[in-house]
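**Student:**
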């Protein structure tokens, strides 16, 4: 078979519009919003046309549509809907209006007409590919006498023939309940196709499924000429080298086509009146017109004059904003000059760019680096192949001996830094091999951002000591659990088994279709094919598109015990968003993402730190109004999220050593970001949280942690009484809210920390002991009374405090 | 601290790539220089510069640095604000109102405000004057000779002038007032101000940090809780001893760190932690030009407003009522002739187009922002060519999930130990498309002095099957024989020798500023200062050092060339094939013309080639081909 050339194919669609095509069927739709099954009622014809329309949509080739079963298919031209056209959208519109007839047409006639029309159209253009696709339900009677002649003719002309049958039998599915005539016709089509050189019979359901398969067009990119230079090729030629190379794209991001924008056109009053006056029949009013929109850009310029000499003040700014909006004047693009901003000054540049850096096309070698020094994360973009000139043996030979390098390329365009890595293509079967270089863009100085992040391993507390135990540091148990987890989630043998039953690797880039790209493509074709998306929404994505959306099921299932172990070991908790709301109620200076509000609310109490304006004049007075004003002018680069509120605790815990610029703004600087309870007013926080009711466990957990921190911090004696209150409240809550275990595990820990750790807080523990039984462990009896359970006996509880 | 909302404002239709910049644009930084003017700062010093002894002083150098930083900042962060405060000077601020806030003996040289060509020029002029007359700075900013301003007061003054910024603090002074300095500094920090000290020392007079600053600043670091900024940074800045390093050090600090996204990372169901993403490598482009309107006496930038309109009605359509679909063609037959816009008429209640929400669900496949772990693979499975975009950097976020840091840390250690990468499916923003990422562990390392590598994960977006282009060349000539699968040893060895000589330790982007950008900025700066630009003065630092190449490797290159010339390939004739798109085949070799005539080049390819080599481009194609052949011969086998 000759190779198909894109755009050089003529497809004839032969569409059966016989009476039987009008019978309706239920086509399953994607489940509704509540997961209910949904179906669309449509005729066989509508169903079949989806396929035809889809094919017409997706191809760049020319096509014709011939109908059979229409009235009086006496002469060949009668049934022709569109002889041959290269205008898919127009054809589509015609197809939308098709209705089944009251007659039956003969497919064989249609084939003859189709082949003939195609042949007439193409004349003697031998290189064109000819295809005929017959779409029928096979319910009509057929004249099957001289069919061999037809097949012969088609073979002569090299016509590819496909029968797409509505409810035809195939290997997977047989329709039991069908009329004998259909069965006979199907048999006939199979016979017909066997005789044809390039003919097949297919089932409509199957082909419809096939066309939603993502297809990847492997496009070869054009080879571009370039030259690889080593050394000074201008004046020291004997020691320098110039290698002619060709470059082509190795990876290139394929982006979905953009959709057009539409909107419902509202009827203008004039039209409304016209319609009434003319008394158009009711149908007219039932139509809705969608109009395609055009983007329009308009330029506006602020022509208001800045008031000179006036001291910038609060009122000025407000005025400014108003006048600025009002003073915007529309200007035509032709009146504008191009230029660049340089700080607040403008630099006109009528060409839109300054003279470009004069560069010479070519790739200049800078040096070689060891492969292990190549930073993979610096590769900045799409990869290029660099080939020795394929027609030049020397160039190829030279290329194959070069290893890796950094270089600059440019052909009058802006130079790019990149790194080349050798690649070898071996085709053992054909005994072919070619070496080339792969080029990846690398960053210039300007492209690198040197952010530093707090160390994950090295936590230093206030005293400058390195911590070895901290909630931020994984414990040995956690590290072990993670190792197991990582091993369990190994993909190298998680793929499907190959022919020899060997496990294979899961995930292959060559099978990973860009889901959004294909989904949008599917959506695009779908909306061109169906008239109404409400009743006929887009079917779900093809399974191939989402096959890499979840880790392999078997692997996860096997790993589940280890995953559960990890979940327990790491105990990662979502910091509830409600915390923010709680805080708001708790403090008058609640913060919000909205900066203005924040500052209005805010009353700096002790701080000398005040905000000032961009200009010094403004900073003379310090009042809140001014602060507000300031925000209009200078949005702060960073939210002042730590307010100078004096903390009651003088002991910033080591936990706070590692900060983060938070998204969730917190008020209490003594509240850790992931906590609901701050160290400033733990009891208040605790009660507030419990009022909300839904976050008891987290509140209890955080309360325990806070109490421990405060008790073990320096100067804890000042807050001993407060902590005692906290403990009482905590115990009460634990008892009532069935958090008994939490209390019973917390208390011994606290005891141990107080007595055995350094510095500890023996004093606090003895105070606690004095309180006695009421703050001890919760015993089984106590628990029972409150509807809970405990494995601590009464005597144990009493003994614990001694 | 970019709020989510910022990202979501971005138009649905825009490409993802564009989104990064909007974040940078929306935020402002304020930098305030606080510079010591004490007599020791004004002490004239002789410095060797360009093999000449130049008279200078620390204050000059500090101001010069400030100017350099301003020049760069005006380009890298045009929205940022800048100011210069001098202390230990008797110069009084002119505006009396400020006196009450400013402590005595501090002087606000440049009030904080957006940078402009004028303000930078002023500074340049002052510096020029100072170069002419070494006494100029002393005259301009008379030093405070008898005493020193307490650092606490300096910070205090800064406080009045700024909200946020960096205080490079060149000064060789010892202060007693540690407590007050500490307090004020703490306040500053709490208001979101970062203090970056820069200490100047000379060989004779080393700067003893411990005497004062260590105590003050050490605290600062720990108070600096809600800022991500590195605590380890302090030591580095302390270690600065040469003023030349100052600028380099500032380079690292000048770009504020902002997260691009903050989303959950699901390791498995029920096992999720929080991460933040940062862009550490992004192609820096020249700014887009803007349109200006000439108001006669000044230029005013034009605001562009884009709207969607119904052309026939000239009516603007609200964004919320826009639906999306394919274009309609040939459906206007029944409409009036003067209609331009394409229309589609459907029955009431029918909807032929998609809503914006539907479009978004197609883009995101219905996924919410977040990462989902797919599994692990050996590091070696991540190929060089599996790349389409720049990488991102992940760091744990304790604020959304308590326990993120320990989980992240454990995962990182485990992956690094086992030399693994992770694969994860990710949707990084509400409107972005699902992408599969390779996640590369980055362990922390680096010594005390050099720029340390922070721990985290590099996030490398993998290409999809759709993004892979096939190799257009299937077969090449390798060496002596077609069947031998290696380049001939002599040639390879010869190549090895010069390659070894040209091997550098590693690639450091710091030594390679983008020449195209630099060229652009230099012209922009000259235009802003109304200076004539001399393109010859431009130095392209990215050009290979050919002198070094020839010195080190020239001899071996020559040998290699000879080895190549003696190889069979030099005389081997690549057979002609029908189409140049097809790979080189063997079978059709029939003629044996000179290899250089074999280029299937076109005339319009030959001409530019010859032109670039300074050869004549006249004559027929045959002439051109011959000329190219001659040229190549003269170069390749000399």
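Residue numbers (full-length UniProt numbering), protein chains in the order written: chain X, 1 to 802; chain C, 1 to 638. Every residue, glycine too, gets a C-beta built ideally from N, C-alpha and C. Owing to the predicted nature of the structure, the values given are computational and were not obtained by experimental measurement.
Where DSSP assigns a beta bridge to residue 437/C, which residues make up the other side?
**Tutor:** According to DSSP, residue 437/C bridges with 424/C, 461/C.
**Student:** State the Cα-Cα distance for the pair residue 519/X and residue 542/C, rounded to the nearest angstrom.
**Tutor:** Each residue's Cα considered, the two are about 43 angstroms apart.
**Student:** Which chain C residues are close to residue 287/X, counting only those with a beta carbon under 9 angstroms from its beta carbon?
**Tutor:** 345, 346, 347, 348, listed in chain order.
**Student:** Which residue marks the beginning of the alpha helix (DSSP H) containing residue 745/X, and which one marks its end?
**Tutor:** Where residue 745/X is concerned, the enclosing alpha helix (DSSP H) stretches over 740-756.
**Student:** At what residues does the beta strand (DSSP E) containing residue 170/X begin and finish?
**Tutor:** That residue, residue 170/X, is in no beta strand (DSSP E); it is neither H nor E in DSSP.
**Student:** Could you compute how far the alpha carbon of residue 502/C sits from the alpha carbon of residue 403/C?
**Tutor:** Using only the alpha carbons, I get a separation of about 48 angstroms.
**Student:** Under 7 angstroms, Cβ to Cβ, is there at least one residue of chain C near residue 281/X?
**Tutor:** The predicted model places residue 281/X with a pLDDT of 47, which falls under 50 and marks its position as unreliable; any figure quoted below should be read in that light. Not closer than 7 angstroms to any Cβ of chain C, the Cβ of residue 281/X fails to qualify, so no.
**Student:** Given that a residue counts as buried once 16 or more other Cβ atoms are within 10 Å of its Cβ, and exposed if not, what is residue 511/C?
**Tutor:** Exposed.
**Student:** Since residue 129/C is in the alpha helix (DSSP H), which residue starts that stretch and which ends it?
**Tutor:** Looking at the DSSP string, the run of the alpha helix (DSSP H) that includes residue 129/C is 117-132.
**Student:** Return no unless some Cβ of chain C is closer than 7 angstroms to the Cβ of residue 236/X.
**Tutor:** It does; some Cβ of chain C falls within 7 angstroms.
**Student:** When the cut-off is 7 angstroms and only beta carbons count, does residue 64/X lie next to chain C?
**Tutor:** So, not an interface residue.
**Student:** With DSSP as the reference, identify every bridge partner of residue 15/X, one or two as the case may be.
**Tutor:** Paired residue(s): 67/X, 135/X.
**Student:** Is it the case that the region 521-532 of chain X contacts the region 42-58 of chain X, given that we only count it when at least three CB pairs across the two stretches are under 8 angstroms?
**Tutor:** Yes, the region 42-58 of chain X touches the region 521-532 of chain X.
**Student:** Residues of chain X with CB under 7 angstroms from residue 466/C, in chain order?
**Tutor:** Here the neighbours are 216, 254, 513, 514, 517.
**Student:** Have a look at residue 711/X and residue 721/X and give me their C-alpha separation to the nearest angstrom.
**Tutor:** C-alpha separation (whole angstroms): 11 angstroms.
**Student:** What does residue 502/C reach in chain X if we use C-beta pairs closer than 7 angstroms?
**Tutor:** Per Cβ cutoff of 7 angstroms: 367, 368.
**Student:** In chain C, which residues lie with their C-beta within 7 angstroms of the C-beta of residue 301/X?
**Tutor:** Those within 7 angstroms of residue 301/X in chain C are 293, 300, 302.
**Student:** What is the DSSP secondary structure of residue 324/C, reduced to helix, strand or coil?
**Tutor:** Looking at residue 324/C - three-state DSSP - the assignment turns out to be strand.
**Student:** Please report how far the alpha carbon of residue 563/C lies from the alpha carbon of residue 494/C, in whole angstroms.
**Tutor:** Roughly 7 angstroms separates the two Cα atoms.
**Student:** Would you verify that the beta carbon of residue 495/X is, or is not, closer than 7 angstroms to some beta carbon of chain C?
**Tutor:** No - not a single Cβ of chain C is within 7 angstroms of the one on residue 495/X.
**Student:** Could you give the distance in angstroms between the alpha-carbon of residue 124/X and the alpha-carbon of residue 148/X?
**Tutor:** Computed Cα separation, rounded: 23 angstroms.
**Student:** Helix, strand or coil: which one does DSSP assign to residue 248/X?
**Tutor:** Strand.
**Student:** Give me the Cβ distance between residue 490/X and residue 271/C, rounded to the nearest whole Å; I'm assuming they're in contact under 8 angstroms.
**Tutor:** Wrong, their Cβ atoms sit about 17 angstroms apart, outside the cutoff.
**Student:** Given that a residue counts as buried once 16 or more other Cβ atoms are within 10 Å of its Cβ, and exposed if not, what is residue 303/C?
**Tutor:** Looking at its Cβ environment, which holds fewer than 16 other Cβ atoms inside 10 Å, residue 303/C is exposed.
**Student:** Mind listing the chain X neighbours of residue 313/C? Cutoff is C-beta to C-beta under 9 angstroms, in chain order.
**Tutor:** Going along chain X in sequence order, the residues near residue 313/C (Cβ under 9 angstroms) are 265, 266, 268, 291.
**Student:** For a test of the three-state rule: what should DSSP assign to residue 787/X, helix, strand or coil?
**Tutor:** In this structure, residue 787/X counts as coil in the three-state DSSP scheme.
**Student:** In chain C, which residues lie with their C-beta within 9 angstroms of the C-beta of residue 421/X?
**Tutor:** In chain order: 384, 385.
**Student:** Taking the Cβ atom as the reference point for each residue, do residue 308/C and residue 293/X lie within a distance shorter than 7 angstroms?
**Tutor:** It is a contact, given that the beta carbons lie within the stated cut-off.
**Student:** Can you tell which of 345/X, 538/X, 95/X, 248/X has its C-alpha closest to the C-alpha of residue 437/X?
**Tutor:** Nearest C-alpha to residue 437/X: 248/X.
**Student:** What residues in its chain sit with their C-beta under 8 angstroms from that of residue 352/C, if we drop five residues either side in the sequence?
**Tutor:** The residues are 325, 344, 346.
**Student:** To the nearest angstrom, how far is it from the Cα of residue 553/C to the Cα of residue 516/C?
**Tutor:** Their backbone Cα atoms lie some 28 angstroms apart in a straight line.
**Student:** Using only CA atoms, which one of 16/X, 108/X, 128/X, 41/X lies nearest to residue 63/X?
**Tutor:** Selected option, being the one with the closest Cα: 128/X.
**Student:** Buried or exposed: residue 625/C, going by 16 or more other Cβ atoms within 10 Å of its Cβ?
**Tutor:** The residue in question, residue 625/C, is buried, as its Cβ has 16 or more Cβ neighbours within 10 Å.
**Student:** Can you tell me which of the three DSSP states residue 510/C falls into?
**Tutor:** DSSP places residue 510/C in helix when its eight states are reduced to three.
**Student:** When the cut-off is 7 angstroms and only beta carbons count, does residue 615/C lie next to chain X?
**Tutor:** No, because no Cβ of chain X sits closer than 7 angstroms to the Cβ of residue 615/C.
**Student:** Return no unless some Cβ of chain C is closer than 7 angstroms to the Cβ of residue 539/X.
**Tutor:** It does not; no Cβ of chain C falls within 7 angstroms.
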